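Residue numbers (numbering that gives the first Met the number 0): 0 to 630. Glycine included, every Cβ here is placed at the ideal spot set by N, Cα and C. Computed from a predicted structure; not experimentally measured. One structure is given below, encoded as structure tokens.
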Amino acid sequence: MDNHSASRAVSRETARVDDRSLLPLDSSHTRDVAQPGRAPALGAGGRRFKSCRPDSMGQEATVVVPVSPTVRRLLGLLIISCAVTGCDTSQTNQPRSGSSTGVKPSKSIHPGQPGAKSASAATQPGDWFEDVTDSSGVHFSYRNGRESGRYHILESLGGGVALLDFDRDGDLDLFFTGGGEISSTDPVQVSGRPNALFRNDGDWNFFEVTKTAGLDEPTGYSHGCTAADYDGDGWTDLLVCCYGGCRLFRNTGQGTFQDVTKPVGLDCPGWNTMAAFADIDGDGWDDLYVVRYLDWTPEMDRICRGTRGVRDICSPGLFAPAGDPLFRNLGNGRFEDITARAGLRPDGKGLGVVATDIDGDGRVDFYVANDECDNHLYLNTSGLPLEEVGLAAGVATNEYGVHDGSMGVDLGDFDADGRPDLFVTNFEQEDNALYRQLEEASFTQATVSSGLAGHSRPLVGFGTACADFDQDGWLDLFVANGHVFYHTGQSPYRQPAQLFRNRNGQRFENNSTSAGGYFRDTHVGRGAAIGDLDNDGDLDLIIVHQNAEASLLRNTTPPRPFLRLHLAGRQGSRSAIGARLSIRSGSDDRPLDQERRRLLFPVRPACPASGCRQPGCRRSGRLAGADRTPQ
């Protein structure tokens, strides 16, 4: 576990991205990535497909990176989350400390009631997104078992979605978790509902292939999911996190998946909500961090009521944390539980996790969003144990030193200074938090200075995604909102989603009302994912709801020239995770850093994307590793 020779050998060398450096992408040098919208455009046998339409303004290139990268950055495959207001010893729901009590409680809305779309939900000129769910062929709803009338806290979390090119035809496919059922009779039985896999045939045509892919059997009461090529065979596999365990499905490469949970030795009992694959020891194999929520069983649940005596979901504060496990990928088709050696804190109630090289030392680190307790930042400084530095780094609490009900989490370089920042969604009467990194593993609260303060306080934030939706070179923010209380929340159960536009890395502008009809309506949002579903060079959105159909939003922002890159490593981890490319276009010398397998860069319109050879226009790739010496 202390062998970091591969990751330490990564130097900050420069690779020119021009016609001479565009090497063919061979299937033996590729591994898919657990990223939303970052699966490589490959056909069977490694044949490369064109990822943009013939009339697009994009240029596609493949760069084979001769390094051993170790960093995996998980961006919004699913950020599953939940927070509930507190219950006192008499099992009565009360507003959490510091929250306003003058807000009228929300009207009771049954979670299965989707509600008619308002007139404002129609697409209008200037909208960033168009809801294309009805015509897409994707009709799938996550179910939380609310019909039983149990009001179990298990019902509050919701489900998620993963984007992966499982058949390697160049189009991103969709995998949804199905949730579960809770019996209305005693003893209480918790069971799972089937998940769903939809194949993308291009042009927004999706077809369900769950049964033919061998994924039609329920996995258990499911929440989060993630996709990664854990065995390095070039085909993206699936992991589903459930109450009661995890299920790992190996992609056979023949259009089917095989349940290999037991053969690989993956034993993760308890309440699992989300997971992140990342190579923590630099051996070229993706290890697994699993996020757990509460030490809870149906028999432990209580009857909780709000201030008006109405029964509702109980607070997570009534239950002990479950603690997160960490598994090492041995590279021989098996995983080893290394939790005891990892030094993980046992007091987290985890709902979201991201993995990246936070401090720039060439090793992958983890940040975990916890509900009603401190968030955790684990630095991988010299192998195991990991060092938890959340409080010292300034990312454990809010600006007052108080923990929030943190749920969704994502990361991105919002100010383009070369360091990843963190964004966390929180409970009602709490601001969503933007932590800006000033230097290695040292952050400052930037919620107020960035203009984000106040916008989220009436809402309950869940899934979130940082992405350049309008292709102006700056990372914007998406947040899915929806309450966890059916009847007793200080804000309504159904809530609008939000979109914030990044204005030159300085401030964010609330662009929700002009983002699209979906944003002008209300939903009970949970998980979310981003990806270029139609290969037109911009990022689309997929959002999961409680007991209502998921939504597919097509990005309709004006097309701009773009450069699409696919990375493949030649040594160690073939996924090329950890390679960071900076594109400088024309007179704009600001690096456009991204840390994903499938990269989309906007370029200056005056600088043609097809070669970019005219004076004052250059494209270069910089490989970032342990050595941060400037080039």
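Alpha carbon to alpha carbon, how far is residue i from residue j?
i, j, result
"Arg291", "Gly349", "5 Å"
"Asp520", "Leu287", "37 Å"
"Ala496", "Ser490", "14 Å"
"Leu343", "Thr380", "14 Å"
"Cys372", "Ser455", "19 Å"
"Asp166", "Ala195", "15 Å"
"Cys267", "Val160", "21 Å"
"Ala440", "Ala392", "6 Å"
"Trp270", "Gly504", "38 Å"
"Leu451", "Gly158", "26 Å"
"Thr251", "Asp236", "9 Å"
"Ala354", "Leu410", "9 Å"
"Arg500", "Phe468", "8 Å"
"Ile302", "Gly351", "27 Å"
"Thr132", "Leu498", "19 Å"
"Asp215", "Gly177", "10 Å"
"Asp282", "Asn328", "9 Å"
"Arg435", "Tyr377", "17 Å"
"Thr396", "His375", "10 Å"
"Arg145", "Asp358", "43 Å"
"Ala632", "Asp533", "Because the chain in this structure spans residues 0 to 630, residue 632 falls outside the shown range and cannot be described."
"Ser135", "Lys210", "19 Å"
"Met406", "Gly330", "32 Å"
"Asp172", "Asn199", "5 Å"
"Val309", "Thr487", "7 Å"
"Arg340", "Ile541", "37 Å"
"Ala227", "Phe276", "7 Å"
First and last residue of the beta strand (DSSP E) that includes residue i?
i, result
"Tyr434", "Ala432 to Glu438"
"Ala161", "Val160 to Leu163"
"Ala528", "Gly524 to Gly530"
"Val478", "Asp475 to Asn480"
"Asn546", "First-last for Asn546: undefined, no H or E at that position."
"Asp258", "Phe256 to Asp258"
"Asn250", "Gly244 to Asn250"
"Leu538", "No beta strand (DSSP E) holds Leu538; DSSP gives it neither H nor E."
"Glu216", "Element bounds for Glu216: n/a, residue is neither H nor E."
"Phe413", "No beta strand (DSSP E) contains Phe413, which DSSP labels as neither H nor E."
"Asn199", "Ala195 to Asn199"
"Leu325", "Leu325 to Asn328"
"Phe206", "Phe205 to Glu207"
Provide the residue span of the alpha helix (DSSP H) that contains residue i, from first to last.
i, result
"Ser134", "Thr132 to Ser135"
"Tyr517", "Gly516 to Arg519"
"Ala341", "Thr338 to Ala341"
Opposite residue i in the DSSP bridges: which residues?
i, result
"Cys224", "Val239"
"Val423", "Val408 and Ala432"
"Arg142", "Gly178"
"Pro320", "Leu293"
"Asp469", "Answer by DSSP bridge pairing: none, since Asp469 is not bridged."
"Thr443", "Arg435"
"Val353", "Tyr366"
"Glu398", "Looking at the DSSP assignment, Glu398 forms no beta bridge with any residue, so it has no partner."
"Leu287", "Phe276 and Phe326"
"Phe334", "Asn328"
"Cys303", "Asp311"
"Phe484", "DSSP output for Phe484 lists no bridge partner at all."
From the DSSP output, in three-state form, read off residue i for me.
i, result
"Met273", "strand"
"Ser490", "coil"
"Leu498", "strand"
"Thr512", "helix"
"Ile152", "helix"
"Arg418", "coil"
"Gly462", "strand"
"Thr556", "coil"
"Ser190", "strand"
"Glu298", "helix"
"Ser147", "helix"
"Arg167", "coil"
"Asp172", "strand"
Within the 8 Å Cβ cut-off, does residue i reach chain B?
i, result
"Asp294", "Among the protein chains of the structure shown there is no chain B, as only one such chain exists."
- prompt: Considering only residues of the region 355 to 394, which uninterrupted alpha helix (DSSP H) runs meet the minimum length of 4 residues and lie entirely inside it, listed in chain order?
  reply: 389 to 392
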